[in-house]
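Student: Here it is, the structure, as structure tokens.
In the UniProt record's numbering, the protein residues as written are 1 to 135.
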């Protein structure tokens, strides 16, 4: 009986491919209510804190985010037309405890509305109102 020695021409087994680590979904891809409650409201609170607002109260219901501060004298509302952060949005604000007199389009030129942009839009709009910092 003759034994055959393995030759170097025999195919070698390939090392097992490393499984790709699945990326968690972007926070903007989370269900609407979860995104708003878990990420958007805390991010707004933090952004207002950086502006020196410490008494911000946020409420989320009926696809609307409403914020009150300055002992309830100033308020804003971000309206989502449906439960989708990329859907049409509107914004209103009022002071002295009055109801908003104008509802205006909000971030209308943006196809996607990432968290940072949604927060920045509110801060920018209220800064333009001269409610957060003197211009």
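Beta carbons are placed, not taken as given, at the ideal position from N, Cα and C, and that holds for glycine.
Which value, in whole angstroms, describes the spacing of the CA atoms of residue 118 and residue 60?
Tutor: If I take the Cα positions, the gap works out to 15 Å.
Student: Please state the DSSP three-state secondary structure of residue 28.
Tutor: Residue state, collapsed to three classes: helix.
Student: Taking its Cβ as the centre, do 16 or more other Cβ atoms sit within 10 Å of residue 83, making it buried, or is it exposed?
Tutor: Exposed, by the Cβ-count rule.
Student: Going by DSSP, what residue range makes up the alpha helix (DSSP H) through residue 38?
Tutor: It is not in any alpha helix (DSSP H) - residue 38 carries neither H nor E in the DSSP assignment.
Student: Assuming residue 106 and residue 130 form a contact by the criterion Cβ under 8 Å, report the distance between their Cβ atoms to the nearest whole angstrom.
Tutor: About 18 Å separates the two Cβ atoms, so there is no contact after all.
Student: Going by C-alpha distance, which of 109, 78, 49, 29 is nearest residue 102?
Tutor: The shortest Cα separation from residue 102 among 109, 78, 49, 29 belongs to 78.
Student: Helix, strand or coil, according to DSSP, for residue 139 in the structure here?
Tutor: In the structure as shown, the chain begins at 1 and stops at 135. Residue 139 is therefore absent and cannot be evaluated.
Student: For the candidate residues 26, 63, 110, 126, whose alpha-carbon lies nearest to that of residue 80?
Tutor: Of the listed residues, the one whose Cα sits closest to residue 80 is 63.
Student: Tell me, which residues are paired with residue 77 by DSSP?
Tutor: Note: residue 77 sits in a beta bridge opposite 66, 92.
Student: Excluding five sequence neighbours on each side, which residues of the same chain lie with their C-beta closer than 6 Å to the C-beta of residue 51?
Tutor: Excluding sequence neighbours, residue 51 sits near 132.
Student: With residue 58 as the anchor, note down where its beta strand (DSSP E) starts and where it stops.
Tutor: 57-61 is the extent of the beta strand (DSSP E) around residue 58.
Student: In whole angstroms, what separates the C-alpha of residue 65 from that of residue 40?
Tutor: If I take the Cα positions, the gap works out to 9 Å.
Student: Do residue 95 and residue 73 have their C-beta atoms closer together than 7 Å?
Tutor: Cβ distance < 7 Å, so residue 95 and residue 73 count as in contact.
Student: Could you check if residue 135 is buried or exposed, using at least 16 other CB atoms within 10 Å of its CB as the buried criterion?
Tutor: Low confidence applies here, because residue 135 scores a pLDDT of 43, under 50, leaving its location unreliable and the question unanswered by this model.
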